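Data first, discussion second: the structure below is written as structure tokens.
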Amino acid sequence: MRLLQKPSWHGRPAHETRARCPCHTCSRLAFPVFTGNARSSHTPATRRLLMRTALMVCFAGWCACLASGETVYRRSMERVASMDPANAASIYAARSSQLVYETLLEYDYRARPYRLIPGLAAALPEVQSNGLVYVVRLDPEARFQPDACFGLDADGRARGRAVTADDVVFSLKRLGDRRVASPGEWLVLDTIRGMRAFAEASMGGAATDYARPVSGLEALDAQTVRITLTRPAHQFVWYLAMCFTAVVPREAVEQYGATFGSHAVGSGPYRLAEWRRNHQMVFARDPAWRGWRKGPAALVPGADEVPFDRVVYSVVDDVSTQWLCFLAGELDFLGEVSRDNWDVVIDGAGGLSEPLKQRGITLYSMPTLEVAYIGINMEDPVLGSNRALRQALNCAFDSAAWVRFFNHRTIVCDGPVPPGTDGRLETPFPYAYDPDRARALLREAGYPDGIDPQTGKRLELTVDLGRTSQDARESTELLASFYGRVGISLKAQYHNWPTFLRRVSERQSQMFRIGWVGDYPDAENFLQLFYGRNVSPGPNRCNYANPRFDQLYEAACAAQDEATRNRYWAEAQELVREDCPWVFLHFQKAYSLSHARVRNYMPSDFPYGTEKYLRTPVAGDGR
250 MRLLQKPSWH GRPAHETRAR CPCHTCSRLA FPVFTGNARS SHTPATRRLL MRTALMVCFA
310 GWCACLASGE TVYRRSMERV ASMDPANAAS IYAARSSQLV YETLLEYDYR ARPYRLIPGL
370 AAALPEVQSN GLVYVVRLDP EARFQPDACF GLDADGRARG RAVTADDVVF SLKRLGDRRV
430 ASPGEWLVLD TIRGMRAFAE ASMGGAATDY ARPVSGLEAL DAQTVRITLT RPAHQFVWYL
490 AMCFTAVVPR EAVEQYGATF GSHAVGSGPY RLAEWRRNHQ MVFARDPAWR GWRKGPAALV
550 PGADEVPFDR VVYSVVDDVS TQWLCFLAGE LDFLGEVSRD NWDVVIDGAG GLSEPLKQRG
610 ITLYSMPTLE VAYIGINMED PVLGSNRALR QALNCAFDSA AWVRFFNHRT IVCDGPVPPG
670 TDGRLETPFP YAYDPDRARA LLREAGYPDG IDPQTGKRLE LTVDLGRTSQ DARESTELLA
730 SFYGRVGISL KAQYHNWPTF LRRVSERQSQ MFRIGWVGDY PDAENFLQLF YGRNVSPGPN
790 RCNYANPRFD QLYEAACAAQ DEATRNRYWA EAQELVREDC PWVFLHFQKA YSLSHARVRN
850 YMPSDFPYGT EKYLRTPVAG DGR
């Protein structure tokens, strides 16, 4: 999933904030606390004192607006535009959708390294014809939740029905339907045989003809589907665990039409009980879901623990308000420790501070499958044809200072593929911080001491950013100071996000700062960012073109054994390192917090539908 933009790690300008309960219905307010960013009138010591004072204040527990006796899990979220899995382009859209919908495969919650297990499928796919054919058999107990779209019984109650192979075929066809305009189209378009022809035909006529056959999609019987690929693709099994490929019922899509994204009808562990747009989503546990008694969600760490009855996602935009709501117990989970709160949360040894430990709060930290980089437009006349100049930019980047700026929540980047990814190259990075070498490379590039021989002035480069936050500005100033040391002037251009994306997609940027979050733990998901057929407006935003890389990429995708595939991936990564179409900034670490009542939580790079694994102590156990 593309990392479109990250929230600022700084708070809003200094002001008095009152944390309101995220349910948006009750009138209870927490106490006032002054918050601010690094440039506010409050010194860091003052802010730490205020926050530590906040920790000593007793907060009320749970909102009275929730039904008594229910166990409720609460966290903040970003706004979700649609509950249609085919349009789940954001992390929170995918999280929300996979509470209700299921994919054929899912991640083993406890397994590290990551591995796949059956979801809607009864077993892992049977792979045939040297990786071209996948035969998937469905769990015979899987059923869509009752909904009016399936009709009513004699008592006037909504029916449900079994999930069938026809539903799988229909759902995958929807990804290729140009009228749906799914951002997940790339998963099937040139992967499943006959899908591109179906996609092109979908734009003709008054409506898409779903009766039109796709040669690579066949329902062999009510519970068996055969998927034939255009070429072997070992990563296809990962696709079957992505939210885009979740199975939806045709009846719901047809009955609700343009409003289908607001009527979630799935086969998963929770039902969408309430949705107040831009405020809150409430999901109620479906006691009839088969996974509570069988399958991976039936795994219970202790007999004194039970699944949450409700999951509540509340929109809380301000990071200071998120923090106060978490302290108040109005949020069970805090997904990110802000930069302003870092010294309050993290002690000198990198662990959880003692005041928070005493409150029963747990800290989770883990490297993530996320890489941040400065993309270099390889069509730019200054940078695109000058490899030595691009190498100099990497050697001038002070990675240690960068890590310090981000409170050690980042990891030094040594290539395009993050740690923990299958096929990652583990050899030392050839362009570690070395200003003397950067100056030598600048001379080789034709810019001695950073002087442009054509103008007699310092070489000036421009980087585009899609955020205007203080964090973005301060970190860019730091970046400019690195390049100033070797004689290069770095100019920043700040845009809103749509403008930024348009400039990058239309190849107008000289350099641009962005990132990528892995869709699945395989090197292919990151190396596709350099594949020649994926140039802008595709994910290869730097417009890197290397025929040898493309050969290696295609050979690795087709390879059936891991050792052969990894050899191709290793050489491909060496090429990217040598050519430097990026300035490699950092890999990301995640820090999150939870209250003691949340049991069985495990950090994951793919936290979609994982709330079904969370547990809380049974009522009356006193914990």
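In our numbering, the protein residues as written are 250 to 872. Quick reminder that beta carbons are idealized off the backbone N, C-alpha and C, glycines included. Remember, it's a predicted structure, so these values are computed and weren't measured experimentally.
S587 and G443 have their C-alpha atoms roughly 47 Å apart. For K422, the enclosing alpha helix (DSSP H) starts and ends at A414 to G425. In terms of Cβ geometry, A371 and D415 do not form a close pair [threshold 9 Å].
By the neighbour-count criterion, in which a residue is buried when 16 or more other Cβ atoms sit within 10 angstroms of its Cβ, P668 is exposed. Note that the C-beta distance between A805 and A772 is below 9 Å. N626 is the residue among D713, E554, N626 and G318 whose C-alpha sits nearest the C-alpha of A794. Straight across, the Cα-Cα distance linking E860 with G584 is about 14 Å. Excluding residues up to 5 positions away in sequence, A645, F646 and D647 lie with their Cβ nearer than 7 Å to the Cβ of F731 in the same chain. When DSSP states are grouped into helix, strand and coil, G405 belongs to the coil group. P389 is positioned such that its CB atom lies no closer than 9 Å to that of R408.
One thing to note: L489 has its Cβ within 9 Å of the Cβ of T352.
Residue nearest to Q472 within the set A621, P616 and R392 is R392 (criterion: CA-CA distance). Counted as a single uninterrupted DSSP element, the alpha helix (DSSP H) harbouring W487 occupies residues F485 to Y488. Under the three-state reduction of DSSP output, T494 falls in the helix class. Looking only at W818, S431 and G699, the smallest Cα-Cα distance to S451 is reached by S431. Boundaries around K606 are those of the alpha helix (DSSP H), E603 to Q607, since no beta strand (DSSP E) includes it.
Per DSSP, the continuous beta strand (DSSP E) segment holding R762 begins and ends at M760 to V766. If you check the CB distance, R826 and L674 come in under 9 Å. Contact between the segment 798-816 and the segment 477-487 is present: three or more C-beta pairs spanning the two stretches fall below 8 Å. When the five nearest sequence neighbours on each side are left out, the beta carbons in the same chain lying within less than 8 Å of the beta carbon of G380 are those of L478, P481, A482, H483, A807 and Q809, in order along the chain. Annotation for Q377: the continuous beta strand (DSSP E) segment containing it runs E375 to Q377.
W591 and N656 have their alpha carbons spaced roughly 8 Å apart. V496 has its alpha-carbon roughly 16 Å from the corresponding atom of C398. With at least 16 other beta carbons inside 10 angstroms of its own, P518 counts as buried. E355 places its beta carbon less than 9 Å from that of I366. A805 carries a helical assignment under DSSP once its states are collapsed to helix, strand and coil. If you compare the alpha carbons of R559, V593 and V555 with that of L573, the shortest gap goes to V593. Ranked by Cα distance from S853, the options F798, Y769, H844 and N792 are led by Y769.
Contact between V349 and Y341 does not hold, since their C-beta atoms are separated by about 14 Å, which reaches or exceeds 8 Å. V560 and G597 have their C-alpha atoms roughly 34 Å apart.
In this structure, the straight-line span from the alpha carbon of A456 to that of V429 is close to 11 Å. Counted as a single uninterrupted DSSP element, the stretch harbouring E500 is not any beta strand (DSSP E) but the alpha helix (DSSP H) occupying residues R499 to Y505. Its Cα nearest to that of E820, the residue V666 stands out among G699, S464 and V666. Of the residues A537, L834 and F798, the one whose Cα lies closest to the Cα of E823 is F798. Within the DSSP bridge table, the entry for T704 names no partner. Inter-residue distance for D701 and P684 is about 18 Å (C-alpha atoms, whole angstroms).
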